[in-house]
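In our numbering, the protein residues as written are 14 to 731. For reference, the structure is listed below as C-alpha cells.
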C-alpha cells in the first residue's frame with residue numbers, strides 16, 4: 014500500500030490533475046487491484062478464469078471507449094509536457110482533442126495495483142522495488158522529482174520490502190535497512206531546501222558530474238554561470254572548436270546564455286517564469302524568428318558576403334556555439350522547443366555552417382529599419398519579442414542594485430552608446446584583470462568585486478557589465494563562449510582554417526539593441542576593440558528610445574505590440590502527438606529488451622555457477638550437480654515427464670537414449686541420490702560421460718533457432 018500510494022502520489026504531484034474524487038477513485042481501484050494480486054492464486058481455474066474475464070472486459074471497454082481513452086492519452090501528454098517544460102524548459106505544444114485524464118488513470122491504477130500484488134507474492138519482490146527506489150532517488154537528487162511526504166511514503170514501502178524480504182540474509186537486511194533509513198531524510202527535507210526547483214547540494218554535484226560525463230571531452234574552463242566558489246581561470250590546450258571563414262573577422266561564438274542573476278552567479282530563466290509566454294515564444298521560433306538569427310533576419314533581402322563553418326571538437330556539447338550575425342544554415346544547430354536557451358541548447362549536429370552578416374553595422378541597420386515605411390513579418394515578431402525581453406532581462410536583486418549604485422550612478426536618459434562608454438570607464442578604474450582570482454563560495458559576487466577584490470577575469474567583468482547595463486535600463490544577458498580576436502583574424506588568410514583551444518574560452522555581456530537584437534559588449538582589457546560598432550553620420554537617434562534610469566525593480570517599457578496566434582496548427586500538434594506515442598513505444602521496447610538482456614545475464618550466471626559445482630571435491634555433490642544439468646538438458650531436448658516418480662519415465666529414456674544408456678542413468682541416479690556409500694571418481698566420470706552424451710544429442714536433434722532460444726531466452730542450458 015505504501016509503494017502504491019507513494020508512486021501515485023508522486024504522479025499526481027507532478028501532473029496535478031485537479032480532481033479530488035478522481036484521486037480517491039484511483040486510490041480505491043489501486044487498492045482493490047493490490048488485494049486481488051495478493052489473494053488470487055493462478056493455479057485455481059476459477060480464479061484464473063475470473064481474472065482473464067476481467068481483462069477481457071477491460072479490453073472490450075477500451076475498444077468501446079476508445080475516443081475517451083484517446084482524449085485521456087492526449088490529456089496525459091499535455092500534463093507530461095507541462096511538467097517536463099517546468100523542469101527542462103523544452104516546450105511541447107498542446108495536443109489536439111485533449112480531454113479528462115481519468116479515463117486512462119483509473120484502469121491503469123487498477124492494473125498497476127494488480128501487478129504490484131502479483132510481484133509482492135514472489136520471493137524476489139524486493140528487487141523491482143529497489144530498482145524503482147534507485148531511479149526515483151537519482152531523479153530526486155537531480156531535482157526532477159519533488160520531495161515531501163509522497164516520496165517518503167514510497168521509500169518507506171521500499172524499506173519494508175527489504176526488511177521483510179526472504180531472499181537476502183540478515184546482514185544484508187541490516188545494511189540495506191540502515192542505508193534506506195538515511196535515504197528517508199532526503200524525502201523528509203522541506204521543499205525550500207530540497208524541492209524540485211532548488212535541488213540539494215548533493216543533487217547539484219550529481220548534476221554537474223552527469224553533465225561533464227555526457228557533454229565534456231575536456232574540462233570546461235568556464236563555470237557555466239555558477240561563479241561562486243569558482244577557481245582561477247586555468248584553461249588547457251585541448252582543441253575546442255574548428256572554424257573556417259571566407260573572410261576572417263573578429264568573431265564571438267555565443268554558447269551558454271543566462272539572464273537571471275542569483276547573487277552567486279547566473280542561471281537561465283526558470284521555466285516557471287516562461288510558462289505564460291511559452292506558446293508565443295514557441296510560435297516565434299518555430300515560425301520565422303530565432304533570436305540567434307535575428308540580426309540576419311533584420312537584413313531582409315540583403316545577401317551575405319561571408320560564411321563560417323563551425324565544428325565542435327572538445328567544447329561542451331550541451332549548447333550550440335552560434336555566431337552573432339549568423340543567418341541561413343544555422344537552423345541545424347537550433348531547436349524551437351528550447352525556450353530557456355532560445356533555441357541554442359542541445360545542438361542536433363556537431364558541425365554546422367551559416368551565412369554571416371556584419372555585427373559592426375548593427376546601428377546602421379537599426380536606422381534603416383526605423384526609416385522603413387512598411388511593416389514586415391520580422392518587425393511584427395521583433396516588437397513582440399522586444400516586449401518580452403524588456404519584461405525579463407532588466408531585473409537586478411535589490412541588495413545588488415544598492416551595492417552597485419553606491420559607486421556607479423547612471424545618467425538620465427543614456428542611450429546604449431553613452432551607457433557603454435561610462436561602464437567601460439568605470440570598470441577600467443575599479444577592476445583589474447587577474448586570471449588567478451578565486452571567487453568566494455558565499456556572498457554576492459558583484460558586491461564582493463566592487464568592495465573587496467576589485468580584480469577578476471572575464472566572468473567577473475561580464476557579470477558586472479551585464480548588471481550595470483540593466484541599471485541603465487538596457488536589457489542585458491551574461492554569455493560564455495569562444496572568441497576569435499582581432500589579432501587572430503588579421504593573421505589568417507581568406508578561407509583558412511583555425512582551431513580554437515580552451516584558451517579561447519571567454520565570457521562577455523550582450524545587450525538588446527531595439528529593432529536589431531542581441532549584440533556583444535566586451536569590457537575585458539584587450540578585448541574592447543574586437544567589435545567596433547559603426548554609428549550613423551548624424552548620430553544614433555533611433556536606438557534606445559526608452560532610455561530611463563533603472564530603479565531596482567522590473568521595467569516594462571511600453572512597446573508597439575502586435576498579437577500573434579498562439580494556437581498551434583492541428584496537423585502539427587497531431588504529428589507531435591503521433592511522434593510522442595511512437596517514441597514512448599520505442600522507449601518501452603528498449604526497456605523490455607534491456608530487462609530481457611539483464612534476465613539472460615543473471616540466469617546464465619546462475620547456470621555457470623552450477624557448472625562450477627561439477628568440480629566440487631565432494632563426489633556426491635558434483636554428481637548431483639551434473640545429474641541436475643542432465644535433467645535440464647533432457648527437458649530442453651524433449652519436453653516431457655522426466656521426474657523419477659513418473660511411470661513413463663523409463664520408457665521415454667529408453668526411446669531417447671537407448672536401452673543401455675537409460676539403464677546406466679537410472680542406476681547412477683539411484684546410487685547418487687539414495688545410497689549411503691561414498692561416491693568415488695568412477696561415478697563422477699560416468700556422470701560426466703552421460704551429460705556430454707545428452708548435450709551432443711541435444712545439439713544434433715534440436716533446430717538451431719530452438720537451441721538459441723533455450724540458451725539465451727529461457728536459459729535452460731548453458
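Here a beta-carbon is modelled for each residue, glycine too, at the ideal position from N, C-alpha and C.
Give the secondary structure of residue i by DSSP, where H, G and I count as helix, E and B as strand, and everything else as coil.
i	result
residue 420	coil
residue 319	strand
residue 509	coil
residue 4	No answer is possible for residue 4: it lies beyond the span of the chain, which begins at 14 and ends at 731.
residue 414	helix
residue 408	coil
residue 445	strand
residue 108	coil
residue 121	helix
residue 332	strand
residue 651	coil
residue 325	strand
residue 426	coil
residue 663	helix
residue 729	coil
residue 66	helix
residue 75	helix
residue 394	helix
How many Å lie between residue i and residue j at the Cα?
i	j	result
residue 331	residue 85	34 angstroms
residue 497	residue 539	12 angstroms
residue 346	residue 72	45 angstroms
residue 720	residue 662	23 angstroms
residue 405	residue 88	30 angstroms
residue 442	residue 463	11 angstroms
residue 486	residue 526	12 angstroms
residue 303	residue 297	7 angstroms
residue 309	residue 392	13 angstroms
residue 341	residue 375	18 angstroms
residue 492	residue 305	13 angstroms
residue 269	residue 620	52 angstroms
residue 367	residue 339	6 angstroms
residue 315	residue 472	35 angstroms
residue 244	residue 334	24 angstroms
residue 626	residue 696	15 angstroms
residue 354	residue 68	46 angstroms
residue 675	residue 728	25 angstroms
residue 714	residue 726	19 angstroms
residue 521	residue 388	33 angstroms
residue 734	residue 98	One cannot answer for residue 734 here, as it falls past the ends of the chain, which runs 14 to 731.
Could you spell out the range, first to last residue, of the beta strand (DSSP E) harbouring residue i?
i	result
residue 519	518-526
residue 531	530-534
Which residues does DSSP list as the beta-bridge partners of residue i?
i	result
residue 271	491
residue 280	273
residue 265	496
residue 351	103
residue 639	Paired residues: none, contrary to the question.
residue 258	321
residue 469	446
residue 358	332
Which residues in the same chain have their Cβ closer than 7 angstroms to the Cβ of residue i, if we skip the five residues on either side of it in sequence?
i	result
residue 239	278
residue 622	none
residue 446	470, 537 and 538
residue 390	301
residue 2	Residue 2 is absent from the structure shown; the chain starts at 14 and stops at 731.
Identify, in the order they occur along the chain, each residue of the same chain with its Cβ nearer than 6 angstroms to the Cβ of residue i, setting aside the five sequence neighbours on each side.
i	result
residue 107	91
residue 329	228, 229 and 233
residue 716	none
In its own chain, which residues sit with a C-beta less than 8 angstroms from the C-beta of residue i, not counting the 5 before and 5 after it?
i	result
residue 787	Nothing about residue 787 can be read from this structure; the chain reaches only from 14 to 731.
Can residue i be considered in contact with the ligand GTP, in the sense that its beta carbon sits closer than 7 angstroms to one or more heavy atoms?
i	result
residue 415	The ligand GTP is absent from the structure shown, which contains no ligands of any kind.
Following the continuous alpha helix (DSSP H) through residue i, name the residue where it begins and the one where it ends.
i	result
residue 364	Careful: residue 364 lies outside any alpha helix (DSSP H), inside the beta strand (DSSP E) at 364-369.
residue 88	79-101
residue 540	Premise fails: residue 540 is in no alpha helix (DSSP H) and is neither H nor E.
residue 685	672-687
residue 725	717-725
residue 293	291-300
residue 376	375-384
residue 706	694-714
residue 547	Unbroken run through residue 547: none, as it is neither H nor E.
residue 7	No information on residue 7 is available, as it lies outside the stretch 14 to 731 that the chain covers here.
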